[in-house]
Amino acid sequence: MKLLVRIVLLLLIGAIIFFGGLILYGTITDYRPAPGEEEIVDISGHGSAIGNTDTIFNLLNWNIGYGGLGKENDFFYDGGKTVRSLRDIWDKDFAGILSTILNNDSIQFYLIQEIDQSSKRSYFINQYDSIFNSLNHVTASFAMNYNVKHVPLPFTNPLGKVVSGVATFSDYLPIESIRFQYPGKFPWPTRIFFLDRCMLLNRYALRGGKELVVINTHNSAYDESGVVKKQEMDFLKDIIIEEYNKGNYVIVGGDFNQCPPGFDPQTFGKMAEAEFIPPAIENDFMPEGWTWAYDPTTPTNRHLETPLDAQTFKIIIDGYLLSPNIEMLSVKTIDQGFDFSDHQPVILKVKLK
Numbered sequence: 008m009k010l011l012v013r014i015v016l017l018l019l020i021g022a023i024i025f026f027g028g029l030i031l032y033g034t035i036t037d038y039r040p041a042p043g044e045e046e047i048v049d050i051s052g053h054g055s056a057i058g059n060t061d062t063i064f065n066l067l068n069w070n071i072g073y074g075g076l077g078k079e080n081d082f083f084y085d086g087g088k089t090v091r092s093l094r095d096i097w098d099k100d101f102a103g104i105l106s107t108i109l110n111n112d113s114i115q116f117y118l119i120q121e122i123d124q125s126s127k128r129s130y131f132i133n134q135y136d137s138i139f140n141s142l143n144h145v146t147a148s149f150a151m152n153y154n155v156k157h158v159p160l161p162f163t164n165p166l167g168k169v170v171s172g173v174a175t176f177s178d179y180l181p182i183e184s185i186r187f188q189y190p191g192k193f194p195w196p197t198r199i200f201f202l203d204r205c206m207l208l209n210r211y212a213l214r215g216g217k218e219l220v221v222i223n224t225h226n227s228a229y230d231e232s233g234v235v236k237k238q239e240m241d242f243l244k245d246i247i248i249e250e251y252n253k254g255n256y257v258i259v260g261g262d263f264n265q266c267p268p269g270f271d272p273q274t275f276g277k278m279a280e281a282e283f284i285p286p287a288i289e290n291d292f293m294p295e296g297w298t299w300a301y302d303p304t305t306p307t308n309r310h311l312e313t314p315l316d317a318q319t320f321k322i323i324i325d326g327y328l329l330s331p332n333i334e335m336l337s338v339k340t341i342d343q344g345f346d347f348s349d350h351q352p353v354i355l356k357v358k359l360k
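Structure follows, in structure tokens:
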């Protein structure tokens with residue numbers, strides 16, 4: 008009996024040391040930009056300035072899910088089992104992502120989320136470099152939002168190292184590219200293994216001293232209370248209204264992890280578990296004149312509890328927000344059947360008024 012008690016105590020002590028060590032290591036190495044912190048990020052490539060007569064622009068906005076969340080996959084965070092896509096499936100999906108980007112060659116701005124630089128989940132392929140090198144004559148900037156030395160979950164098959172973020176690729180050379188850290192954070196120790204949400208703001212010079220401000224955002228998921236989402240959206244709102252009041256043109260594109268105002272989250276089917284349904288942004292969130300641009304006919308995101316099937320829950324959480332001095336000419340979601348990602352790309356055409 009004493010031997011059994013000793014064994015149990017040793018196992019308990021060992022478990023405490025092991026899990027405590029993981030949390031201590033994660034805390035020490037945690038990437039912790041301060042709420043609201045601004046960071047000038049490097050701009051790669053050689054683009055041109057926006058021409059004096061250029062007023063019409065095409066954008067592509069896409070959360071590529073690091074090439075690991077195509078139709079064959081589920082994901083353990085969402086109730087599935089998969090941690091990392093099988094290599095042959097990952098290769099197929101990332102090739103499809105590259106092909107989609109390259110085939111849409113009339114685009115001037117590509118806003119990409121969940122793009123990895125050095126992550127176990129994407130086989131340590133630098134996706135930022137891969138896309139940048141595949142696109143000819145573009146500028147590129149990257150804002151990190153996930154930098155964890157070792158994500159220990161799930162314990163039997165850890166996600167491991169993740170270095171990921173959002174990236175903007177463009178034909179045009181920005182004046183500057185700035186990473187803004189969103190306010191709001193999850194409780195410790197959860198936050199040391201979660202994303203540090205941010206937005207990437209690029210400025211482009213226009214004639215008359217005005218600027219085109221293009222923002223790439225990836226807002227929080229897994230926020231059941233909605234507190235973190237609200238803090239992020241209020242922060243974003245303050246910045247874009249300030250830019251518009253300066254006389255600038257503002258385009259926000261990204262994965263909001265929220266439905267557009269007035270959109271019924273169950274348009275494309277019912278979801279039994281209400282906690283998995285992203286909320287809709289308030290109808291009066293922005294002042295009059297601002298435009299939410301999205302394609303109401305096609306879902307942009309699917310749930311990852313299971314691989315894609317006929318019952319998979321689908322929704323719209325990706326799109327754009329335009330300042331009142333920008334006219335939306337068209338917006339279309341490319342329906343790929345979620346072949347390569349759990350999100351689908353959204354193409355927007357706009358005109359500066």
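Residue numbering for the sequence shown follows this note's numbering, starting at 8 and increasing by one per position. Every residue gets a Cβ at the ideal spot worked out from N, C-alpha and C, and that includes glycine. On a predicted model such as this, the values are computed, not experimentally measured, just so you know.
Would you list the residues sitting across from residue i in a DSSP beta bridge?
| i | result |
| --- | --- |
| residue 211 | 219 |
| residue 150 | 173 |
| residue 206 | 187 and 224 |
| residue 287 | 266 |
| residue 55 | 179 |
| residue 192 | Beta-bridge pairing links residue 192 to no other residue. |
| residue 335 | 357 |
| residue 70 | 120 |
| residue 329 | 258 and 298 |
| residue 340 | 353 |
| residue 65 | 356 |
| residue 167 | 158 |
| residue 143 | BP columns for residue 143 are empty, so no partner. |
| residue 46 | 186 |
| residue 322 | 308 |
If we ignore side chains and look at the alpha-carbon of each, how far apart do residue i and residue j end up?
| i | j | result |
| --- | --- | --- |
| residue 156 | residue 186 | 21 Å |
| residue 173 | residue 318 | 30 Å |
| residue 287 | residue 320 | 16 Å |
| residue 236 | residue 246 | 16 Å |
| residue 54 | residue 161 | 43 Å |
| residue 73 | residue 92 | 10 Å |
| residue 268 | residue 184 | 29 Å |
| residue 238 | residue 43 | 11 Å |
| residue 295 | residue 252 | 14 Å |
| residue 78 | residue 337 | 27 Å |
| residue 327 | residue 90 | 30 Å |
| residue 128 | residue 335 | 37 Å |
| residue 88 | residue 270 | 30 Å |
| residue 357 | residue 341 | 17 Å |
| residue 343 | residue 13 | 58 Å |
| residue 310 | residue 261 | 18 Å |
| residue 216 | residue 63 | 18 Å |
| residue 153 | residue 201 | 7 Å |
| residue 150 | residue 273 | 32 Å |
| residue 293 | residue 130 | 41 Å |
| residue 97 | residue 104 | 10 Å |
How about residue i and residue j: are their beta carbons less than 8 Å apart?
| i | j | result |
| --- | --- | --- |
| residue 232 | residue 264 | no |
| residue 339 | residue 316 | no |
| residue 352 | residue 175 | no |
| residue 275 | residue 306 | yes |
| residue 212 | residue 248 | no |
| residue 71 | residue 132 | no |
| residue 177 | residue 139 | no |
| residue 170 | residue 137 | no |
| residue 141 | residue 207 | no |
| residue 330 | residue 297 | yes |
| residue 111 | residue 354 | yes |
| residue 312 | residue 75 | no |
| residue 84 | residue 203 | no |
Please look up how many angstroms separate the CB atoms of residue i and residue j, rounded, as I've assumed it's under 8 Å.
| i | j | result |
| --- | --- | --- |
| residue 243 | residue 257 | That belief does not hold up - the Cβ atoms of residue 243 and residue 257 are roughly 10 Å apart, past 8 Å. |
| residue 308 | residue 291 | At roughly 24 Å, the Cβ-Cβ gap does not stay under 8 Å, so residue 308 and residue 291 are not in contact. |
| residue 229 | residue 205 | Wrong, their Cβ atoms sit about 16 Å apart, outside the cutoff. |
| residue 114 | residue 66 | 7 Å |
| residue 255 | residue 221 | Going by Cβ atoms, the distance from residue 255 to residue 221 rounds to 11 Å, so no, they are not a contact pair. |
| residue 51 | residue 163 | Contact flag wrong, Cβ pair sits at about 39 Å. |
Any idea if residue i is buried or exposed, counting beta-carbon neighbours within 10 angstroms, 16 or more meaning buried?
| i | result |
| --- | --- |
| residue 191 | buried |
| residue 58 | exposed |
| residue 372 | What is shown of the chain runs 8 to 360, which leaves residue 372 out entirely. |
| residue 322 | buried |
| residue 47 | exposed |
| residue 430 | Since the displayed the chain opens at 8 and closes at 360, residue 430 lies outside it and no answer follows. |
| residue 224 | buried |
| residue 49 | exposed |
| residue 234 | exposed |
| residue 102 | exposed |
| residue 166 | buried |
| residue 121 | buried |
| residue 350 | buried |
For the ligand ZN, is there any heavy atom lying closer than 7 Å to the beta carbon of residue i?
| i | result |
| --- | --- |
| residue 284 | Here there are no bound small molecules, and the ligand ZN is not part of this structure. |
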